[in-house]
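**Student:** Position 1066 of the sequence shown, counting from 1, maps to 1046 under this note's numbering, and the rest follow consecutively.
Supplied in structure tokens, the structure appears directly below.
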Amino acid sequence: MSLLICHFVKIEEQRCIILQPQAHERYAILNDNVISVMKEHEFELREPNIIVSERFYGYLGHIVDRSNKLNHFHVFIKSAVKIGMFNDIEIYRIAELAFYLNCNPAKVFFCSEKSTTFIDSMRPLSDLGRLISNGLFYFGFDTKVSMFYNLSISFDRTRQNTFGRDFFTWNKGMLIPWRQISKNFQLWVAPIINGSIGMQSVQLSAKHVFDPNCGEYDTYRRLLKLKEGLSDENNDVFINGEVTIRVLLISRLSWAKAGARFLARGVNDEGFVGNFVETEQVIMCGKVISCFTQVRGSVPLFWSQSGMSVGSHKIDISLSKEVTKPAFYKHFQRLIKDYNDIMIVSLLNTRKDEGRLNSCFCQASKESGLNLNFTHLDYHAEFDTYVSESNWSRNTHIKAYIFKNMAHVSVLGEVDRVVCEQTGVIRTNCVDCLDRTNNFQAFLAILVLEKQLNLMGVFVTDVLGNRRFIDVVRTMWTINGNNCSKNYAGTDALEKNKLSVQSILKDTHTSIKRAIMSNFSDSRRHLAITKLCDINQPLYLFKKPYRIAGLSCLPNVIKTSSQLSHDILFELIKNIPNFTETKCLKLHVGSWNVAGGCERVLQQHIFTSKLQEWLLDSPKMSQSQSILHTPSHHFDDFDLIVVGLQEMVDLTATNILYNSDAQMNIWAQNLTELVCRDTKYVLITSIQLVGICLFVFSKETYLPYIQDVSTSVVKTGLGGTAGNKGGVAVSMTMYSSSFCFVCSHFAAGNTTNNLQQRNKDFEDIQQQLIFERDKKIYDHDYIIWLGDLNYRINEVYENVRLFINRNDFSALMSSDQLVNAMGTSQVFNGFKEGEIKFLPTYKYDFFSKSYDTSEKARIPAYTDRILWWQTDNIILKDTANVEMVYYGRTEHQASDHRPISSLFHISLRITDYMKFYKIYTDILKKSPFGQLTVEYELTIHQLTSNCLNDVVSELKKHIPNFNFYRFERNNILLTFAHIEDISKLPHKLNICGFELKLNIHQSVPLQELDRDVIEYIRKQSIASVNEPPSCSHGMRQSGLIDFSFPQITEHLLDSFDPIEKASTNSCEQEDLIDLMSFGDFSNNLFLNTHRPHSPHSWDTRSLVLEYPQYDKELNSSHQEAFLPAHSQDTNSRVSRLIQYDPFDISAHSGGADAYKSKSEERIFRNTNPFK
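See below:
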């Protein structure tokens, strides 16, 4: 069986693929980088040129191999297994894919879960194909309309089903251009979901309300009567007999924070959590459907677990509760909007790390202000064997509460008449959201099963049949749990049944297999998942400088919810300097090797004096040491404080192996008290590697504008195996500027080998520091590198002491190893350091002003340093600036090192929503559609092939940027990947003696597809006008579209809108396809929400843009849109709608390194933004 026919053909010597739906005479033609629509009569004309035809189950989209941008892969479903049919929807499981290279039927690669024909150099594509063919991806086909069906849409029609459910559609990125060109895009492309689907039919003896002879209204009326408890005395409502019950159990896994088990924990800044699964239990009897929905998801805090071990895994809660609040709020705000009331059931135990995580979850729920119902059930304590009715009896109060408040179901009569509606959802979690969650959700579903049947008017009279029915559903839930577990952990679920020896042995085998997979194969599986998810996030398909700039500066709603093409996003990125402004950030950085002296350093009298002097008062107390003589008020009230410690614990073998965080917690508590002396600061995060530790504090007022916080560590001791030496780092974004703080401890010693090892330590750390989403150290706007770098002075002891006594800093620095190494570009290329006007910080006697008086008599040296680096990104570098206004040391004698500190004034980039909105709408005026296909009509009717070739050659001189052309009767059709200004297309041309007249096809306006995004940005831009500068840009932290702005009046909104709104008749829409990029790039998260119609939204039917230079309205039987024309009457204007297709790489010429040029204007004009 096939649902799609694929014809390989050559058109004007260009390889193409023609897609033909099995049941429709509508054709889509694919070239390597563009797509257009072919009408039936043109297909008949091209049919003799067909090379070969293949049949497939469906088409998923287009991928570009970023390692070789000339390799274009079209992905087809070669083999699929039919699960069954439910409510006229055929459901299939993907079994095998076919990848066609450059539309060539001879170059095809097949991929299934266990086999592939890809060569080794195509391993990323092979892993991607294996992932989609692993038996956990599904698609649907609607037999009523003969189109592919989006299974991400809930079967519960009482809930909104809009683009908000796109985070369940795993090829969502490939669908973006289809939505831009056709509302019927599912004629050719199949949306796919990841999860589990099971279907069963059961015959039951029951009395029911269905009468084959009664009408639709009568059935609906009887169900309402039954729901309201109004029974009929004569019992004529019910009919006794056999009924067929169909059960559908469907689980949908979100791709927004998907990944392997230990690599996708917790929440991200947009409120998405790992292993978020929505499960629907759908019961169908006749034409009546009943739905019961549950969700699961990782604990919505910033936490992680190490998978490189066997047995228990330590839980690390990485960010403070203050930093977690915005993401926690977004997560539950989205759930409330989608499901109304939320009941949280946490199955974590109360011991050790799980207990600490559960306590933080409970506290966050109480402090969220969202009126969440939090219920804790210690699964191992409450259900000592497995979840059953018997051991549930101990929790009757919880059972009653759940059924009273949350166990509602939706019942829909014929033609979706709503009998009752589910008004809340139960959100269940354990650590993995697998085994305990599987059992508990299955138990709840079985309990609700009878209620579903009764509300449908079905009352089972056969006890044995009822038990058989329950067993069938329980088995379906077991399979569902196994599939969810395979997605996340790579194995079947654990049964958790301590009463069965067989179950215990099976669970032991599964646990061992999980341990092996988490240690050895999960990273590769996680990378494949990440690559698939990245296709859904267009910004991650750009070259590095553009990707970094877009992710930093574009509003989150653009990054997460927009339906824009790559080319429009590229235009926005180019305009970043035009819609961003800067403010000064005061950053204070301190570094100290404390020589393992926690108790020694944190003595009360020392702590309250010297440490405060070091971190709070040193700049203004030591202005004589400052590089610039800056007014004293510039040294007060720091915005960020970064503290780096080395040798926080003694570097003994026990400490190196055990790596306890006890000392870090003590320091964190004391430092927090210290820095809050005058101003409220909050600890953003801390990270430790044995004795190396880094703390980042922020003013409380800046918390809403800090996001993307992640940490990383690199060991360099003993060849990279021990943490006595190495580095720790924190990555974060504040407003639209990104920071990387690195604290390191390099190899000690004064020999040549020691120097080479220090240089190697730097290289290892800078290369191996990788943060979330594969972000690397030089992907930031600013790097601050601090620590005990251990570089020495290449002079004899006597000379160094002589220079010190003379305060001859220039002589000291001329022999400094780090200065000399940086001068010869051996280390820290591009980094800068302030002028040193203080004495060497190493090595002192403890509690003394004297340098080392021991027998070793170590040479004093500047081992402790603070350096910085700022981006050379061509787009961002003009708005990045660093000024070090202080660099000095503090006379704290509790260690053999002296602490150092520095004060930076940094340009903090902030997105101006008012400017962005104007630029955004101006770009959409010039390029209002996706891919553009135009038709030039030739007035002569008899043409030779030579004439046609001459016409094409001349056209390239007048219109050089079209990507695909073809002839159709007396017309030539040109397809563009992108046109920056469609008003500049010539309406009339005289070429080779022929007159060409322009005819433009209509498409769906981008303003219509993105109307909610545009509306949201417009509201933010207005709301920011009356807010103080420190708060006006904070809304970028959320991608939710439906925020309310009560201070915005309707007349203000209407007067602000620069885009003209109008309505026009609908016209025949031509259909196009997208081109997607693929390669070694990383995951990021989109936010998708339901988008209710706003009273200020644009008319979704159409949108008309006016251009003064167009004056002639052209009407035809196939066109109801307005067409452009050059006119002699300069006073007339005509409005028009056009068709545009996005994603063509060849729309931009130039090499991959073009962005390094000094001419930004030339770069933006010629550079290909994709790899």
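A virtual CB, placed ideally from N, CA and C, is assigned to each residue, including glycine.
As the structure is a prediction and not an experimental result, all values here were calculated from the model.
Have a look at serine 887 and asparagine 351 and give me their C-alpha separation to the nearest angstrom.
**Tutor:** Position 907 of the sequence shown, counted from the start, is the residue given in the question as residue 887. Position 371 of the sequence shown, counted from the start, is the residue given in the question as residue 351. Cα to Cα, serine 887 sits roughly 40 angstroms from asparagine 351.
**Student:** Please classify asparagine 29: is it buried, with 16 or more other beta-carbons within 10 angstroms of its beta-carbon, or exposed?
**Tutor:** On the sequence shown, position 49 is the one that residue 29 refers to. Exposed.
**Student:** How big is the Cα-Cα spacing for glycine 810 and leucine 50?
**Tutor:** For the purposes of this step, residue 810 is identified with residue 830 of the sequence shown, where counting begins at 1. For the purposes of this step, residue 50 is identified with residue 70 of the sequence shown, where counting begins at 1. Straight-line Cα distance between these residues: approximately 34 angstroms.
**Student:** Around the Cβ of glutamine 668, are there at least 16 other Cβ atoms within 10 angstroms (buried) or fewer (exposed)?
**Tutor:** Indexing the sequence shown from 1 puts residue 668 at position 688. Buried.
**Student:** Tell me, please, which residues DSSP counts as bridged to glutamine 687.
**Tutor:** Along the sequence shown, read from residue 1 onward, the residue named residue 687 stands at position 707. Thr713, per the DSSP bridge assignment.
**Student:** Give the C-beta separation of alanine 473 and glycine 461 to the nearest angstrom, bearing in mind that I take them to be a contact with Cβ-Cβ under 8 angstroms.
**Tutor:** As a working mapping, residue 473 is identified with position 493 in the sequence shown. As a working mapping, residue 461 is identified with position 481 in the sequence shown. Contact holds; Cβ gap of about 4 angstroms.
**Student:** Quick check: threonine 1235 and threonine 417, are their CB atoms within less than 9 angstroms of each other?
**Tutor:** Here the chain covers residues -19 to 1151 and nothing more, so residue 1235 does not appear.
**Student:** By Cβ distance, which residues of its chain are closer than 6 angstroms to tryptophan 168, with the 5 residues on each side in sequence left out?
**Tutor:** Against the sequence shown, residue 168 aligns to sequence position 188. For tryptophan 168, where only same-chain residues beyond five positions count, the Cβ hits under 6 angstroms are Leu(-1), Ala8 and Tyr39.
**Student:** Count the other CB atoms within 10 Å of the CB of glutamate 696; is the residue buried (16 or more) or exposed (fewer)?
**Tutor:** Taking the sequence shown and counting its residues from 1, the one referred to as residue 696 is at position 716. The displayed chain sequence assigns threonine, not glutamate, to residue 696. Around the beta carbon of threonine 696, a 10 Å sphere encloses 16 or more other beta carbons of the protein chains shown; the residue is thus reported as buried.
**Student:** How close, in whole Å, do the beta carbons of aspartate 796 and tyrosine 771 come, if the pair is a contact with beta carbons under 8 angstroms?
**Tutor:** Working through the sequence shown from its first residue, we reach residue 796 at position 816. Working through the sequence shown from its first residue, we reach residue 771 at position 791. Confirmed, Cβ separation roughly 7 angstroms.
**Student:** Could you give the uninterrupted runs of the alpha helix (DSSP H) lying entirely in the segment 493 to 561, keeping only those of 4 residues or more?
**Tutor:** 502 to 514, 524 to 533, 536 to 541, 546 to 554 and 556 to 559
**Student:** Closer than 6 angstroms by C-beta to isoleucine 1158: which residues in its own chain qualify, once you throw out the five before and the five after it? Chain order, please.
**Tutor:** Beyond the ends of the chain as shown, which are -19 and 1151, falls residue 1158; an answer cannot be given.
**Student:** If we count the other Cβ atoms within 10 Å of its Cβ and call it buried at 16 or more, is threonine 471 buried or exposed?
**Tutor:** The residue labelled residue 471 in the question sits at position 491 within the sequence shown. Label assigned to threonine 471: buried.
**Student:** Check isoleucine 784 in the structure and name its three-state DSSP category.
**Tutor:** Working through the sequence shown from its first residue, we reach residue 784 at position 804. Residue state, collapsed to three classes: helix.
**Student:** From the DSSP output, in three-state form, read off lysine 937 for me.
**Tutor:** As a working mapping, residue 937 is identified with position 957 in the sequence shown. Correct three-state label for lysine 937: helix.
**Student:** So leucine 155 packs on proline 171, CB below 8 angstroms; how close in whole Å?
**Tutor:** Numbered from 1 along the sequence shown, position 175 holds the residue referred to as residue 155. Numbered from 1 along the sequence shown, position 191 holds the residue referred to as residue 171. Indeed they touch by this definition, with Cβ atoms about 6 angstroms apart.
**Student:** Under 9 angstroms, do threonine 665 and valine 710 count as touching if we go by C-beta distance?
**Tutor:** Within the sequence shown, the letter at position 685 stands for residue 665. Within the sequence shown, the letter at position 730 stands for residue 710. In this structure, valine 710 lies closer than 9 angstroms to threonine 665 by Cβ.
**Student:** Is threonine 634 buried or exposed, if buried means 16 or more other CB atoms sit within 10 Å of its CB?
**Tutor:** Locating residue 634 in the sequence shown gives position 654, where the first residue counts as 1. Taking every protein chain shown into account, the CB of threonine 634 has fewer than 16 other CB atoms within 10 angstroms, so this residue is exposed.
**Student:** Buried or exposed for serine 95, going by 16 or more other Cβ atoms inside 10 Å?
**Tutor:** If you number the sequence shown from 1, residue 95 lands on position 115. When all chains shown are included, serine 95 counts as exposed.
**Student:** At the level of alpha carbons, what is the spacing between lysine 207 and valine 398?
**Tutor:** Translated into positions along the sequence shown, residue 207 becomes position 227. Translated into positions along the sequence shown, residue 398 becomes position 418. Spanning the two alpha carbons is a distance of roughly 11 angstroms.
**Student:** Of the residues Gln313, Asn516, Arg202 and Glu24, which one's Cα is nearest the Cα of phenylalanine 147?
**Tutor:** For the purposes of this step, residue 147 is taken as the residue at position 167 of the sequence shown. Closest in alpha carbon position to phenylalanine 147, among Gln313, Asn516, Arg202 and Glu24, is Asn516.
**Student:** Under a three-way DSSP split, which group does proline 28 fall into?
**Tutor:** Here residue 28 is taken as the residue at index 48 of the sequence shown, counted from 1. Looking at proline 28 - three-state DSSP - the assignment turns out to be helix.
**Student:** In whole angstroms, give me the CA-to-CA distance for phenylalanine 423 and aspartate 122.
**Tutor:** By 1-based counting over the sequence shown, the position of residue 423 is 443. By 1-based counting over the sequence shown, the position of residue 122 is 142. Straight-line Cα distance between these residues: approximately 32 angstroms.
**Student:** Between isoleucine 426 and arginine 454, how many whole angstroms is the CB-CB distance? I'm expecting something under 8 angstroms.
**Tutor:** The residue you call residue 426 lines up with position 446 of the sequence shown. The residue you call residue 454 lines up with position 474 of the sequence shown. That belief holds up - the Cβ atoms of isoleucine 426 and arginine 454 are roughly 6 angstroms apart, short of 8 angstroms.
**Student:** Quick one: what does DSSP say threonine 955 is sitting in, helix, strand or coil?
**Tutor:** Sequence index remark: in the sequence shown, residue 955 carries index 975 (1-based). Reduced to three states, the DSSP call for threonine 955 is strand.
**Student:** Where do the N-terminal and C-terminal ends of the alpha helix (DSSP H) with serine 339 fall, by residue?
**Tutor:** As a working mapping, residue 339 is identified with position 359 in the sequence shown. If you look at serine 339, you'll find it in the alpha helix (DSSP H) that goes 332 to 347.
**Student:** Under a three-way DSSP split, which group does methionine 802 fall into?
**Tutor:** The sequence position of residue 802 within the sequence shown is 822, counting from 1. DSSP places methionine 802 in helix when its eight states are reduced to three.
**Student:** Given a threshold of 16 other Cβ atoms within 10 Å of its Cβ, counted over all protein chains shown, does lysine -10 qualify as buried or as exposed?
**Tutor:** Mapped onto the sequence shown, residue -10 falls at position 10. Classification of lysine -10: exposed, given that the 10 Å Cβ count is below 16.
**Student:** Hey, leucine 77 and glycine 109: beta-carbon distance below 9 angstroms or not?
**Tutor:** Counting from 1 along the sequence shown, the entry for residue 77 is found at position 97. Counting from 1 along the sequence shown, the entry for residue 109 is found at position 129. For leucine 77 and glycine 109, yes; Cβs fall inside 9 angstroms.
**Student:** Runs of 4 residues minimum, wholly inside the segment -5 to 73: which ones carry the alpha helix (DSSP H) assignment?
**Tutor:** 20 to 26
**Student:** Ends of the beta strand (DSSP E) at glycine 361?
**Tutor:** Start at 1 with the first residue of the sequence shown, and residue 361 comes out as number 381. Per the sequence presented here, residue 361 reads as alanine, with glycine not at that position. Premise fails: alanine 361 lies in the alpha helix (DSSP H), 359 to 362, not in any beta strand (DSSP E).
**Student:** Given a cut-off of 9 angstroms on the beta-carbon distance, is the pair serine 390 and cysteine 271 in contact?
**Tutor:** Position 410 of the sequence shown holds residue 390. Position 291 of the sequence shown holds residue 271. Contact: yes.
**Student:** Using three-state DSSP, classify valine 227 as helix, strand or coil.
**Tutor:** For the purposes of this step, residue 227 is taken as residue 247 along the sequence shown, with counting starting at 1. In the structure shown, valine 227 sits in a strand (DSSP, three-state: E or B).
**Student:** Buried or exposed for valine 481, going by 16 or more other Cβ atoms inside 10 Å?
**Tutor:** Within the sequence shown, numbered from 1, the residue matching residue 481 stands at position 501. Classification for valine 481: exposed.
**Student:** With a 10 Å radius around its C-beta and 16 neighbouring C-beta atoms as the bar for buried, classify leucine -17 as buried or exposed.
**Tutor:** Residue -17 sits at position 3 when you count from the first residue of the sequence shown. That one is buried.
**Student:** How about leucine 769 and serine 724: are their beta carbons less than 9 angstroms apart?
**Tutor:** Stepping through the sequence shown from its first residue, residue 769 is reached at position 789. Stepping through the sequence shown from its first residue, residue 724 is reached at position 744. Yes.
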